[in-house]
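To get the working numbering, take the position in the sequence shown, counting from 1, and add 1359.
We put the CB at the ideal spot given by N, CA and C, even for glycine.
Reading through the structure tokens given below for one structure.
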Amino acid sequence: MSEPISHLSDRAVIRISGPDTREFLQRVITNDLKRCAPGTLQVGALLTPQGKIICDFLIHGEEAGVALDVQAEAADALVRRMTLYRLRAKADIAVDTNAFVVSGEGLPDPRSPELPLRAIGTDKPAADGTTRQADLEIASGVPAFGRDYGEADVFPTDVNLDLYGGIGWRKGCFIGQEVLSRMKRRGNIRKRTVAVVSPSIELEKGDAITAGDVPLGNITSSAGKSAVAILRLDRLEAASEAPAVKGEAVTITQPPIPSD
């Protein structure tokens, strides 16, 4: 069944346009802008020099540049940061108050095939799909900036940005790239975001997930008996007991991780 067309009121649109847009973004954000042709939808983020997420976003490729689908409360701060990094590049950066993030039409969401299509539109659908979108993301184990983590809280790999195609490992330098590359080379990617389901109890943000006496991590958002959590997968794999919340067994679904 197709999803109803709605707008996402918790999202804003930042448009970056001009002849130097892709060159400027290529040296700043995680994604490889060579793959960001008009009509594409990808994931990306701006990082601290220490490799943690300042803000992440969905990148819509456009003829004149890109449109960033970003958490609304983070939009103005992201524009200011991007403007600082722009230097002399010919690129205009601004929140587009006449554009809306639309759910239920457009392009496939790169984070999960279970999520609705996504687009940028100028006609605002009457229905607000924000709650529905959050419930679908949580059921799919997809984390969201502002709901599951905040500024400088996590590395991109903690929230599966690399698994969504959001890190250009081979593109060259970008802010925070050295730290991420070192983590990857050394095999230090131990945390991942997972989907959690309980057959018996309502899950709540902040609930600890354990395997016996071993702490695995905490729930970062929930919707009834479904939740998202950031876990130490090395501890989960080594555990001799099943994962549980408040003493009740839960099912953990890990994201597919490429062998390379």
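- Taking C-beta separations shorter than 6 Å and ignoring five residues to either side along the sequence, the partners of L1522 in its chain run P1614, following chain order.
- Excluding its 5 nearest sequence neighbours in each direction, P1378 has C-beta neighbours in its own chain below 6 Å: K1449, listed in chain order.
- S1557 counts as buried, since no fewer than 16 other beta carbons sit within 10 angstroms of its beta carbon.
- Runs of beta strand (DSSP E) with 3 or more residues, each lying fully within the stretch 1546 to 1574, are found at 1550 to 1556, 1567 to 1570, listed in chain order.
- An exposed status is given to N1457, since fewer than 16 other beta-carbon atoms sit within 10 Å of its beta-carbon.
- If you check the CB distance, A1431 and D1512 do not come in under 7 Å.
- Secondary structure at R1470: coil, using DSSP grouped into helix, strand and coil.
- Annotation note: the stretch 1410 to 1488 contains the following uninterrupted beta strand (DSSP E) runs of length 3 or greater, listed N- to C-terminal: 1412 to 1420, 1424 to 1430, 1451 to 1454, 1459 to 1466, 1477 to 1480.
- Secondary structure note for L1384: its alpha helix (DSSP H) is the uninterrupted segment 1380 to 1385.
- Annotation for L1592: the continuous alpha helix (DSSP H) segment containing it runs 1592 to 1597.
- Ranked by Cα distance from Q1385, the first of H1366, L1400, A1371, L1405 is L1405.
- Distance check between T1481 and each of K1605, E1607, H1366, T1610 places H1366 closest, using alpha-carbon atoms only.
- With fewer than 16 other Cβ atoms from the protein chains shown falling within 10 Å of its own Cβ, A1423 counts as exposed.
- Beta-carbon to beta-carbon, P1472 and S1462 are separated by about 15 Å, too far to satisfy the 8 Å threshold.
- A straight-line Cα-Cα distance of about 42 Å links I1548 and A1485.
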